[in-house]
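A.B. asks: In UniProt numbering, the protein residues as written are 1 to 429. Glycine is no exception: its CB is placed at the ideal position from the N, C-alpha and C atoms.
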């Protein structure tokens, strides 16, 4: 095996990255997979699950510059699945630029995405492709937006929506830190044709989500899509990302704790500890309980959730009952087509335990990431077919998904990693 046949996964023990590994491995049978984590014992079962000789588990602290560089040197691709990206992406991107190694992540934090974009000139000079936001939202959501916008002659607005279902108790700390980060504080978005800052999780919108969800009230949230998509649609009046948790009271719980962290009444660690206690059906701290209840009561007062819905949620939690998982993605573009106002929608059509990819946040993100990995390695994602036939990307620079992955190529890649076509996308007008 040569180094160029090696794909390095950093943070491979995480649920999303693990699924990305599994689903990429079912399609690519040649490259060796190096599964790195600060706790290698957690990825050894995954390595053993794959065909003999296919994967190696390795201990790696990504903040150890020497160990990181020794691990990635000469690799075909480095996939960063360790979060939160606010702390992890900068050292790994830097190492990849120094080593001349292609990079890919599913970063969903605005600040780290903005920092990555500032490295475009360095990446071009180094001849290295840096693919950021290659998961579900951002990632597949960006592709749905481009697909929807392609129906229009002029794009005026783009609304992106995501819903994540009940995943108790299996939610990692990095995911919960991200949740606290996006439910309170600044929300950089695109409005009136330029960047503006809103309060995250304050403005709302209703979107016709697929997967059996129907019309869902969602919250404007700090995600990278409104940062990257305006580079492609600078004439758009508004581009925003709306998200939410199902069932609805989860949003109030998260908002209450997010505000507590923002206002200095709890630390991030304390808030995450409380949520993990709740997820594992433990009472948690009285401070956390007070702020969580405050958030849910605020929802009811604002008319975002009914009191009976909140009471039913609390009762079901006491009796350790979970809600069936429902979730998915949607992009809605409005504008002008043939001189008349028009709307185009792309959304994931199915969700739930019986589906292949739309059965959990990890399933959706990991499957989408596996598809992006295929495109990055074989260079087949670009609309103009740019990319070297030996699998090394001809492009260089920092790229969001809409910059390099064409919708149909991405949908085909999702099929290649095992997703039935009926689960991938449906169109509405």
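(1) Cβ of residue 15 within 8 angstroms of Cβ of residue 84?
(2) Let's see if you can read the secondary structure: which residues bound the alpha helix (DSSP H) around residue 82?
(3) In terms of DSSP beta bridges, what is residue 194 paired with?
(4) Along the chain, where does the beta strand (DSSP E) containing residue 156 start, and where does it finish?
(5) Taking the continuous beta strand (DSSP E) assigned at residue 304, which residues delimit it?
(6) Leaving out five residues on either side along the sequence, give the residues of the same chain with a beta carbon under 6 angstroms from the beta carbon of residue 349.
(7) From the DSSP output, which residues share a beta bridge with residue 37?
(8) Pick from 77, 423, 69, 119: whose alpha carbon is nearest that of residue 353?
(9) Considering only the beta carbon of each residue, do residue 123 and residue 152 sit closer than 8 angstroms?
(10) Please report the straight-line C-alpha distance between residue 298 and residue 244, rounded to a whole angstrom.
(11) Any idea if residue 413 is buried or exposed, counting beta-carbon neighbours within 10 angstroms, 16 or more meaning buried?
(12) Residue range of the alpha helix (DSSP H) that residue 65 falls in?
(13) Kindly list the residues whose CB is nearer than 7 angstroms to the CB of residue 219, restricted to its own chain and excluding five residues on each side of it in sequence; keep chain order.
(14) If you run the structure through DSSP and keep just helix, strand and coil, what is residue 206?
(15) State whether the stretch 44 to 58 contacts the stretch 77 to 94, with contact taken as three or more CB pairs (one from each stretch) at a distance under 8 angstroms.
(16) Grab me the residues of residue 91's own chain with a C-beta within less than 8 angstroms of its C-beta, minus the 5 sequence neighbours each way, in chain order.
(17) With H, G and I counted as helix, E and B as strand and the rest as coil, what does DSSP make of residue 281?
(18) Looking at C-alpha atoms only, which residue of 174, 318, 429 is the closest neighbour of residue 336?
(19) Tell me whether residue 142 is buried or exposed, calling it buried when 16 or more other Cβ atoms sit within 10 Å of its Cβ.
(20) Considering just the uninterrupted stretch of the beta strand (DSSP E) at residue 141, what are its terminal residues?
(21) Between residue 260 and the rest of its own chain, which residues show a CB-CB distance below 7 angstroms, the 5 nearest in sequence each way excluded?
(22) My understanding is that residue 346 touches residue 331, with C-beta atoms under 8 angstroms, so please give their C-beta distance in whole angstroms.
(23) Helix, strand or coil: how does DSSP classify residue 120 here?
(24) With three or more beta-carbon pairs closer than 8 angstroms as the criterion, would you say the stretch 19 to 33 touches the stretch 414 to 421?
(25) Measure the alpha-carbon distance for residue 170 versus residue 359 and round it to whole angstroms.
(26) Thinking C-beta only, is residue 399 closer than 8 angstroms to residue 131?
(27) Are residue 145 and residue 357 closer than 8 angstroms when you measure CB to CB?
C.D. replies: The answer reads as follows:
(1) no
(2) No alpha helix (DSSP H) holds residue 82; DSSP gives it neither H nor E.
(3) 191
(4) 154 to 164
(5) Unbroken run through residue 304: none, as it is neither H nor E.
(6) 210, 426
(7) 59
(8) 423
(9) no
(10) 16 angstroms
(11) buried
(12) 65 to 72
(13) 201, 204, 242, 243, 244, 251
(14) strand
(15) no
(16) 62, 63, 65, 68
(17) coil
(18) 429
(19) buried
(20) Run containing residue 141: none in the beta strand (DSSP E); it sits in the alpha helix (DSSP H), 140 to 149.
(21) 266, 271, 291
(22) 5 angstroms
(23) helix
(24) yes
(25) 13 angstroms
(26) yes
(27) no
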